[in-house]
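The structure under discussion appears below in the form of structure tokens.
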Amino acid sequence: MENSERPIKILHLGDVFLDCPFSSMRAEDSAARRRETRETFLRAVKYASEEEIDLVLISGNLTDSHYATFDTLELLGRAFASAPKCRFLITPALHDPAEENCLWRFGHFPENVRVFTSEQVTPVSYPELGVTVYGWAFVKENYPASPLPMTDGAHADADGIRIVMGYAEVGDGTGEAPLTVSEIGMFGGDYVALSGGRLFDGFHRVENTVYAYSGALEHASYEEPGFGGANRVTITPVAGSRPRVECARLDLGCRRYAMEEFDITGVDNPNEVLNRITAVIRERGYGRETALKVILTGKTPFGFAIPRTLTNENFGLSVFELEDRTLPLFDDSRVARDMTVRGEVCRTLIPIMRSGTEEERRAAAYALKVGLGALNGRDVTKL
138 MENSERPIKI
148 LHLGDVFLDC
158 PFSSMRAEDS
168 AARRRETRET
178 FLRAVKYASE
188 EEIDLVLISG
198 NLTDSHYATF
208 DTLELLGRAF
218 ASAPKCRFLI
228 TPALHDPAEE
238 NCLWRFGHFP
248 ENVRVFTSEQ
258 VTPVSYPELG
268 VTVYGWAFVK
278 ENYPASPLPM
288 TDGAHADADG
298 IRIVMGYAEV
308 GDGTGEAPLT
318 VSEIGMFGGD
328 YVALSGGRLF
338 DGFHRVENTV
348 YAYSGALEHA
358 SYEEPGFGGA
368 NRVTITPVAG
378 SRPRVECARL
388 DLGCRRYAME
398 EFDITGVDNP
408 NEVLNRITAV
418 IRERGYGRET
428 ALKVILTGKT
438 PFGFAIPRTL
448 TNENFGLSVF
458 ELEDRTLPLF
468 DDSRVARDMT
478 VRGEVCRTLI
488 PIMRSGTEEE
498 RRAAAYALKV
508 GLGALNGRDV
518 TKL
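Note that our numbering numbers the sequence shown so that position 227 is 364, with each residue one more than the last.
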């Protein structure tokens, strides 16, 4: 293998989920999310082309299933062809396994694309770069064994730059394609590019190996804070030693997800709450790219309510959601003396708010707000 003296530039991404139906959303919202997912993938390919990336590692779940729409196949073909100097390597995973009749076996991709289709770790060499890439594939929707069984470390002593890629669940040896940190260290490699349906949690080192998860290229829920993105890795040969590995995280996603929580105990004016929300939006720099969920907690006076008709347009955001977890303050002696319908509503719901499960307490608190609002002649659709 030729010994390249120049640094090798790598873009590592995964969990793209092209063609994801986003079935829990309204039709127009799911269509928008599919469009954004495609835009983010194309942005990543454009970045790779403009930055003259040598290797683009797609370590799993490029598509949401092992089938793909005709439009998606065309999009992939055009995208790969638009960056002819980049070498794209793909490891099919849990969502897009290399089964019979799948897109990986019958899709027609440009020559700069290599798809791994074996469960066994397979090497692909690029002599002109001085690089060998070891990858494995899901060939069905489960992978019970470790993709990197304990070895004698032969790979760790191999010449040139060594990269390992695929879907795996790093931990205690359970899950799909279970992989332990010890197995990563024993197999060897300069960079191990993983996907596994989990968030990017930094770059980790074991022995002389750096490993990392790709995270989702485009985030899809509030459980994935911030922007989706990819890993930029530069591996530089060092004479007489193992190559030097430098890593950075890139934000590439269209939409940023964020959650903010406010304790509004003691606040008796809804405008004050709105002012707090607006101040945080400005402070954090949230804008049209942001989906923001605001959670209100604490105890508030009876009859206190934030209008539920607030939308993203009120704050200049992509999405705005408000979740009211506040509990109303009440006077037990007053409730006990109140023989009206209002008192009966309180006596029915207050015990649930005090001793029920968290879900029951929330439901009871909301029911109490609506019930009392209706008795006071308020428009309950805005509570």
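Cβ coordinates follow ideal geometry from the N, Cα and C atoms, glycine included.
Predicted, not measured: the structure shown is a model, and the values here were computed from it.
Our contact map puts residue i next to residue j with C-beta atoms below 8 Å; I'd like the distance itself, whole angstroms only.
i: Asn249; j: Arg224; result: 6 Å
i: Ala367; j: His232; result: Not quite, the Cβ-Cβ distance comes to about 18 Å (not below 8 Å), so this is no contact.
i: Glu313; j: Asn345; result: That pair is no contact at about 27 Å.
i: Asp400; j: Thr434; result: 5 Å
i: Ala502; j: Leu464; result: 5 Å
i: Arg369; j: Leu387; result: 5 Å
Which residues in the same chain have their Cβ closer than 6 Å to the Cβ of residue i, if we skip the five residues on either side of it in sequence?
i: Tyr348; result: Ile321, Val329, His341
i: Arg251; result: Leu226, Val261
i: Ala428; result: Arg392, Tyr394, Ser455, Val456
i: Cys157; result: Asp201
i: Val153; result: Phe178, Leu199, Leu354
i: Glu397; result: Val417, Val431
i: Ile372; result: Ile145, Ile298, Asp327, Pro380, Val382
i: Val270; result: Leu226, Val261, Ile300
Could you have a look at residue i and say whether DSSP puts it in helix, strand or coil?
i: Tyr204; result: coil
i: Asp405; result: coil
i: Ile443; result: coil
i: Glu383; result: strand
i: Arg180; result: helix
i: Ser332; result: strand
i: Ala291; result: A caution first: Ala291 carries a pLDDT of 47, below 50, which makes its placement in the model too unreliable to give a value.
i: Asp166; result: helix
i: Thr269; result: strand
i: Ile190; result: coil
i: Leu464; result: strand
i: Gly322; result: helix
Which residues does DSSP list as the beta-bridge partners of residue i?
i: Val375; result: Ser378
i: Asp400; result: Thr434
i: Glu306; result: Pro315
i: Lys146; result: Thr371
i: Tyr348; result: Val329, His341
i: Thr427; result: Arg393
i: Asp152; result: Per DSSP, none; premise fails for Asp152.
i: Gly297; result: Partner(s): none; Gly297 has no beta bridge.
Could you name the residues of the same chain whose beta carbon sits closer than 8 Å to that of residue i, not counting the 5 residues immediately before and after it, in chain order?
i: Gly424; result: Gly453, Leu454
i: Pro234; result: His203, Ala274, Phe275, Val276, Lys277, Glu278
i: Leu336; result: Tyr350, Gly352, Ala353, Glu361
How is the beta strand (DSSP E) around residue i delimited, first residue to last?
i: Pro260; result: 259 to 263
i: Tyr280; result: First-last for Tyr280: undefined, no H or E at that position.
i: Glu481; result: No beta strand (DSSP E) holds Glu481; the alpha helix (DSSP H) holding it covers 478 to 492.
i: Phe337; result: Looking at the DSSP string, Phe337 is not in any beta strand (DSSP E), and its letter there is neither H nor E.
i: Phe457; result: 456 to 461
i: Leu226; result: 224 to 227
i: Val250; result: 250 to 252
Given residue i, which residues of its chain have a CB within under 7 Å of its CB, disregarding the five upstream and five downstream residues?
i: Arg143; result: none
i: Ala291; result: Only weak support is given to the placement of Ala291: the predicted model assigns it a pLDDT of 47, under 50, and the value that follows is read from those uncertain coordinates. Excluding residues within five positions, none has a Cβ falling inside 7 Å.
Which residues bound the alpha helix (DSSP H) around residue i?
i: Leu240; result: 240 to 243
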